[in-house]
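Quick note on this note's numbering: the sequence shown kicks off at 21 and runs consecutively.
We put the CB at the ideal spot given by N, CA and C, even for glycine.
Here the structure comes first, spelled out in structure tokens, and everything after it is commentary.
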Amino acid sequence: MNGSLHETTSSEDASEASDTSDVILRALSVLAHNGLDGDARTRLAGTEVLVPASDTETRKLTLPVIGRAVLVFTSEERMAQTLPDVQCYHLVPLGMIPAHWPGRGLALTIDPGSPEAVTLSAEGVHLLLGPPLKAA
Numbered sequence: 021m022n023g024s025l026h027e028t029t030s031s032e033d034a035s036e037a038s039d040t041s042d043v044i045l046r047a048l049s050v051l052a053h054n055g056l057d058g059d060a061r062t063r064l065a066g067t068e069v070l071v072p073a074s075d076t077e078t079r080k081l082t083l084p085v086i087g088r089a090v091l092v093f094t095s096e097e098r099m100a101q102t103l104p105d106v107q108c109y110h111l112v113p114l115g116m117i118p119a120h121w122p123g124r125g126l127a128l129t130i131d132p133g134s135p136e137a138v139t140l141s142a143e144g145v146h147l148l149l150g151p152p153l154k155a156a
């Protein structure tokens, strides 16, 4: 699904970002204590995030690399604060990210610059968002 920035009230956007961010943070908290928790993994993988796209990349999902990180966002407002020149995005579930991972040595940062920012290593991305782990 593709999108472009449009006007929303700041309270709607802040609420959306907070809700999505809370879902991600709660799922990661559960997984920190029990990495095999299937419900938390499913919730995390199904949470939709905004992946910035250039005007020419509206059909193909290419993860944006800035420095050593792939950046994704939980709201248009948070994306605009960090990347004010980006006007287009893909709305995708976090679970799609590993299939499009651009390379080794990168991290995934969700909502960079916000108090709820989360950074996962490449290994963490594949571990938490990849195929479910089998119990030993």
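Between the beta-carbon of Val138 and the beta-carbon of Ile44, is there less than 8 Å?
-> To locate residue 138, count along the sequence shown from 1; it is residue 118. To locate residue 44, count along the sequence shown from 1; it is residue 24. Closer than 8 Å, so yes.
(message) Let's see if you can read the secondary structure: which residues bound the beta strand (DSSP E) around Val106?
(response) Here residue 106 refers to the residue found at position 86 when the sequence shown is read from its first residue. Neither: Val106 is in no beta strand (DSSP E) and is coded neither H nor E.
In the DSSP assignment, find the unbroken beta strand (DSSP E) run with Glu68 in it and report its ends.
The residue labelled residue 68 in the question sits at position 48 within the sequence shown. Per DSSP, Glu68 belongs to the beta strand (DSSP E) from 68 to 73.
- Query: Helix, strand or coil for Thr82 per DSSP?
  - Reply: To locate residue 82, count along the sequence shown from 1; it is residue 62. Here Thr82 sits in coil by DSSP.
inquiry  = Please report the distance separating the alpha-carbon of Leu68 from that of Arg88.
reply    = Along the sequence shown, one-based indexing puts residue 68 at 48. Along the sequence shown, one-based indexing puts residue 88 at 68. Per the sequence presented here, residue 68 reads as Glu, with Leu not at that position. C-alpha separation (whole angstroms): 22 Å.
Exercise for review: Could you tell me which of Leu56, Gln101, Leu83, Val50 sits nearest to Pro113, measuring between CA atoms?
Suggested key: Start at 1 with the first residue of the sequence shown, and residue 113 comes out as number 93. Measuring from the Cα of Pro113, the nearest candidate turns out to be Leu83.
Quiz item: According to the Cβ coordinates, are Pro132 and Thr102 closer than 8 Å?
Solution: Your numbering for residue 132 matches position 112 in the sequence shown. Your numbering for residue 102 matches position 82 in the sequence shown. Cβ distance < 8 Å, so Pro132 and Thr102 count as in contact.
Per-residue DSSP class, three states only, for Ala89: On the sequence shown, residue 89 is found 69 positions in, with the first residue counted as 1. Ala89 falls in the strand class under three-state DSSP.
| Which term fits Leu153, buried or exposed, when burial requires 16 or more other beta carbons within 10 angstroms of its beta carbon? | For the purposes of this step, residue 153 is taken as the residue at position 133 of the sequence shown. Residue placement at Leu153 is poorly supported in this model, since its pLDDT is 45, which falls under 50; the coordinates still yield a value, given next. Burial call: exposed.
Practice prompt. Pull up the CB-CB distance for Leu70 and Met116, whole angstroms please, since I reckon it's below 8 Å.
Written response: Within the sequence shown, the letter at position 50 stands for residue 70. Within the sequence shown, the letter at position 96 stands for residue 116. Contact check for Leu70 and Met116: beta-carbon distance about 13 Å, past the 8 Å limit, so the pair fails to qualify.
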